[in-house]
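Presented below is the structure to which this report refers.
In our numbering, the protein residues as written are 50 to 371.
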């Protein structure tokens with residue numbers, strides 16, 4: 050599989066890609082054979098999901114700017130970038146990052162700061178193409194960081210992790226995929242042998258709370274095979290009418306910011322991305338997909354449309370999502 054991907058120009062570092070296939074995945078129930086199938090599925094999809102220039106940029110190891118968002122005051126730019134994850138990353142093959150750069154008049158020789166990152170892959174679950182979120186994390190660099198107040202002002206009150214999942218919803222809709230995320234009970238740190246060590250056990254509890262909080266925020270439903278199924282549609286008005294006048298005004302500003310951002314994303318996605326053509330055809334006609342068993346009886350949201358320890362979630366939690 051790795052040799053074939055190299056011949057197609059998708060990868061260049063053979064030893065690293067072999068490690069990507071054999072290292073444990075963030076979903077603790079994934080066998081080696083299943084992991085290899087997922088990687089092949091993801092690589093085949095990637096060629097069809099990106100336009101040629103964008104595909105070449107991703108495979109060369111360079112970040113691809115998906116969208117340039119309006120920069121807050123005091124910043125040079127704010128971007129959504131897509132790039133390949135390091136081979137040792139257990140959470141997904143692609144990283145979607147929100148990157149800010151302070152303006153020169155604010156900070157001399159400022160460096161870009163990744164304030165939020167969402168790791169994901171695309172593979173099939175029960176025959177259905179899925180946008181699979183393996184991890185959502187906040188700022189990780191020990192020095193290049195923004196304070197919570199500064200970050201909240203830059204994002205008009207949005208929590209970075211929540212905003213990134215919103216962007217994932219838009220990407221899944223654009224590509225016509227189901228949106229699923231890791232069930233925190235399937236995280237390796239919640240299982241033996243990692244949980245036997247107190248430090249790993251404490252981190253596992255923190256991860257489960259963080260995942261649980263963000264999935265609850267999006268009203269995700271527990272699906273089959275250790276995945277949480279997320280809706281592709283969320284309340285764009287943010288339930289503002291049920292709040293006090295002060296909270297309603299704040300929620301209205303947040304909703305307005307997201308609506309403008311969403312429209313911008315839908316326009317700019319078309320510059321770099323493309324919708325893959327249907328994979329299954331029979332006598333020139335598209336064949337109907339198999340019965341979905343990922344979340345039996347609920348199709349309302351999809352009509353249009355023993356090794357490495359996974360990294361911890363640093364910036365989400367039950368007390369800071371809303």
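Positions of the beta carbon are idealized from the N, C-alpha and C atoms, including for glycine.
* To do: Could you confirm whether any beta carbon from chain C is found closer than 8 Å to the beta carbon of residue 102?
  => Absence of chain C from the displayed structure is noted, only one protein chain being present.
* So residue 199 is in the alpha helix (DSSP H); what residue range does that whole segment cover? -> From DSSP, the alpha helix (DSSP H) with residue 199 extends over 197-203.
* Under a Cβ-count criterion, where at least 16 other Cβ atoms within 10 Å of its own Cβ denotes burial, should residue 218 be classed as buried or exposed? -> By the beta-carbon neighbour count (other beta carbons within 10 angstroms, threshold 16), residue 218 is buried.
* Nearest CA to the CA of residue 165: which residue from 180, 126, 194 and 116? -> When only C-alpha atoms are compared, the closest one is 194.
* Asked: Can you name the residues that DSSP bridges to residue 182?
  -> Beta-bridge partners assigned by DSSP to residue 182: 169 and 230.
* contact_flag[the region 179-188, the region 207-218] where n(CB pairs < 8 Å) is 3 or more -> Because the criterion of three Cβ pairs below 8 Å is met, the region 179-188 and the region 207-218 touch.
* Straight-line Cα distance separating residue 54 from residue 108 -> If you take the alpha carbons of residue 108 and residue 54, they lie about 11 Å apart.
* Is it the case that the Cβ atoms of residue 184 and residue 168 are separated by a distance below 8 Å? -> Cβ atoms of residue 184 and residue 168: closer than 8 Å.
* Leaving aside the five residues before and after residue 319 along the sequence, list all residues of the same chain whose C-beta is less than 8 Å from its C-beta, in chain order. => The same chain holds no residue with a CB closer than 8 Å to that of residue 319 once the five nearest residues on each side in sequence are set aside.
* **Three-state secondary structure (DSSP) of residue 316** => Here DSSP, grouped into helix, strand and coil, assigns residue 316 to helix.
* Three or more C-beta pairs below 8 Å linking the region 79-94 and the region 147-162 -> No, the region 79-94 is not in contact with the region 147-162.
* **Beta-bridge partners of residue 117, as assigned by DSSP** => Residue 117 has 128 as its beta-bridge partners, per DSSP.
* Asked: From what residue to what residue does the alpha helix (DSSP H) around residue 63 run?
  -> Where residue 63 is concerned, the enclosing alpha helix (DSSP H) stretches over 63-71.
* residue 358 burial status per 10 Å Cβ neighbour count (16 or more: buried) -> Interpretation of residue 358 is limited by its pLDDT of 37, a score under 50 that renders its predicted location unreliable; the figure taken from the coordinates is listed afterwards. Residue burial annotation: residue 358 is exposed, with fewer than 16 other C-beta atoms found within 10 angstroms of its C-beta.
* Could you say which of 322, 312, 323 and 256 lies nearest to residue 118 if we only look at CA atoms? => Out of 322, 312, 323 and 256, 312 has the C-alpha closest to the C-alpha of residue 118.
* To do: With residue 279 as the anchor, note down where its beta strand (DSSP E) starts and where it stops.
  => Start and end: 276-279.
* Cα-Cα, which of 171, 113, 302 and 148 is closest to residue 161? -> Of the listed residues, the one whose Cα sits closest to residue 161 is 148.
* Asked: Taking the Cβ atom as the reference point for each residue, do residue 257 and residue 274 lie within a distance shorter than 8 Å?
  -> The beta carbons of residue 257 and residue 274 sit no closer together than 8 Å.
* Asked: Roughly how far, in whole angstroms, is the beta-carbon of residue 151 from the beta-carbon of residue 187, given that I think they are within contact range, below 8 Å?
  -> About 18 Å separates the two Cβ atoms, so there is no contact after all.
* Asked: Do you know whose CA, among 139, 207 and 61, lies nearest residue 105's CA?
  -> If we check each option's Cα against that of residue 105, 61 comes out closest.
* Is DSSP giving residue 189 helix, strand or coil here? -> In the structure shown, the three-state DSSP call for residue 189 is coil.
* Asked: Which whole-angstrom value describes the C-beta separation of residue 136 and residue 65, a residue pair presumed to lie in contact below a C-beta threshold of 8 Å?
  -> Their Cβ separation, rounded to whole angstroms, is 4 Å, which keeps residue 136 and residue 65 in contact under 8 Å.
* **Beta-carbon proximity check, residue 75 vs residue 228, cutoff 8 Å** => Contact check for residue 75 against residue 228 fails: the beta carbons are separated by 8 Å or more.
* To do: Counting only the same chain and skipping the five closest in sequence on each side, list residues whose C-beta sits under 6 Å from that of residue 428.
  => For the chain, the structure presents residues 50 to 371; residue 428 sits outside this window and is missing.
* **In DSSP terms, what residue 270 is bridged to** => DSSP lists 278 as partners of residue 270.
* Whole-angstrom Cβ separation of residue 321 and residue 115, contact assumed at under 8 Å? -> With a contact defined as Cβ atoms closer than 8 Å, residue 321 and residue 115 qualify at about 6 Å.
* Asked: Would you report the Cα separation of residue 306 and residue 102, rounded to the nearest angstrom?
  -> Using only the alpha carbons, I get a separation of about 30 Å.
* To do: Return the residue from the list 67, 59 and 263 that minimises the CA-CA distance to residue 95.
  => Closest option to residue 95, Cα to Cα, is 59.
* **Counted within 10 angstroms of its Cβ, other Cβ atoms place residue 100 as buried (16 or more) or exposed** => So residue 100 ends up on the exposed side.
* Asked: Any idea which residues DSSP pairs residue 143 with across the strands?
  -> In the DSSP output, where bridge partners are listed per residue, residue 143 has 133 and 169.
* Asked: Beta carbon of residue 121, beta carbon of residue 221: below 8 Å?
  -> Contact: no.
* Secondary structure of residue 211, DSSP reduced to three states -> For residue 211, the secondary structure class from DSSP, reduced to helix, strand or coil, is helix.
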